[in-house]
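**Q**
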Amino acid sequence: MNEIPRIPAPGGDDPRIELMHKVARLESQYADRVDETETGWMTVVNVALDRWRTSWQEQTSTPELNPELSRKFRVCFPLAAHALNHVEAAVTLHSSSPWVAMSCVRIAFEHALTAQWVLWTKDGEDLLAQQMSLQDHRRSSEFIDAVVRAAADTPNLAESAALAEELSEFLGEKPVSVWSVFNLCERFSSTRLLYGIYRDLSQAVHPTYGLVRAHFDITPPPEVVVGPIRPFGAELDSPELIRGMAVSSLWALYVLEVSRAGHPDAAEVLRLGEEAGLPVDLRASDLHPHLQPDYVAVFMPAGSPGARRIKLTPP
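Using the UniProt record's numbering, read the sequence shown as starting at 1 and increasing by one per residue.
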């Protein structure tokens, strides 16, 4: 059985202790730089959310769209809106409940990235729909199998089992899909950095050591004392929370603004991200550009093929 690893006791020549001290010294050296960078990222988040509220949330009808993107918009808008709404929730919660905020950012990151993938992939909306159909097929098949198995032991369920088997005829063949968050991240980053951010944020979604440690007041080595509980979780030292909010809001908002007829504000969203050193248009880092649609009048940043390449180096 796996146990929560014990941090080595003080004394001796344990290399892990020395490594922790080195990390602490580096963190101290970069603390001011990190604070300054996070302040800039937070400004990006607030500006993006203000634009989301005024340009989209307060609208009562769908704006005029680029005809080339009207079909994709039916899939991209829900994804982008869900991402931006979760960023908005994360901003509200990140001081009081940082780990809940982190789970919101993880959701926002996945949906914003998927929205860009749909936009920059030929038939991306259909490929994503295939993945959704596969999930529905699995759930329906599992339900039908469960009813049939239950009826084997419970005669009263025989009629339900017969109906379930009739329904199975309407399921059709199992859809095929190769869609995954990992594949999306691999397409837009050659260093696996995007997937690393996604996994880091996922600490707040799944049972993890980070989540467990965050909810107790633990004195760092060499003392290592487990103190009282922390009901709301510890503050996050990782910059991924705010950086995740920033890129998620930029990616999602950019998809929406590119979709507008004439894309009047797309360049402004692009500039907002680039001035903060953040990627916005993921075409610039696409490792498989042959998968992109052949658009005629879709926004293209100045200096085609476009925007800043993925470069999310540590602050």
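Where is the CB? At the ideal position from N, CA and C, for every residue including glycine.
1. In angstroms, rounded to a whole number, what distance separates the CA positions of Ser227 and His215?
2. In chain order, what residues of the same chain lie with their CB nearer than 6 Å to the CB of Glu125, ignoring the 5 residues before and after it?
3. Strictly by DSSP, which residues pair up with Val226?
4. From Ala108, Pro67, Thr121, Glu38, pick the residue whose C-alpha is nearest to that of His86; which is it?
5. Where Met245 and Thr43 are concerned, what is the direct C-alpha to C-alpha distance, given to the nearest angstrom?
6. Return helix, strand or coil for Arg271, following the three-state DSSP convention.
7. For the alpha helix (DSSP H) containing Val255, name the first residue and the last one.
8. Shortest alpha-carbon distance to Ser97 belongs to which of Met132, Asp217, Val298, Gly233?
9. Roughly how many angstroms lie between the CA atoms of Ile197 and Arg213, to the nearest whole one?
10. Tell me, please, whether the stretch 80-95 touches the stretch 174-186 by the rule of three or more beta-carbon pairs shorter than 8 Å.
11. Within 10 Å of its beta-carbon, does Gly262 have 16 or more other beta-carbons around it, so buried, or fewer, so exposed?
12. Return helix, strand or coil for Ala31, following the three-state DSSP convention.
13. Output the residue ranges of the alpha helix (DSSP H) runs that lie fully inside the stretch 87-173 and measure 4 residues or longer, sorted by chain position.
14. Please classify Met132: is it buried, with 16 or more other beta-carbons within 10 angstroms of its beta-carbon, or exposed?
15. So, for Leu201: in the same chain, excluding its five sequence neighbours on each side, which residues have a beta-carbon less than 7 Å away from its beta-carbon?
**A** For this structure:
1. Residue 227 is actually Gly in this sequence, not Ser. Taking the straight line from one Cα to the other gives about 10 Å.
2. Lys72, Val75, Val118
3. Ile218
4. Ala108
5. 11 Å
6. helix
7. 240-259
8. Gly233
9. 19 Å
10. no
11. exposed
12. Caution applies to Ala31, whose pLDDT of 48 falls short of 50 and renders its modelled position unreliable; the model cannot decide the point.
13. 98-119, 124-153, 158-168
14. exposed
15. Met102, Val105, Arg106, Phe109, Glu240, Gly244
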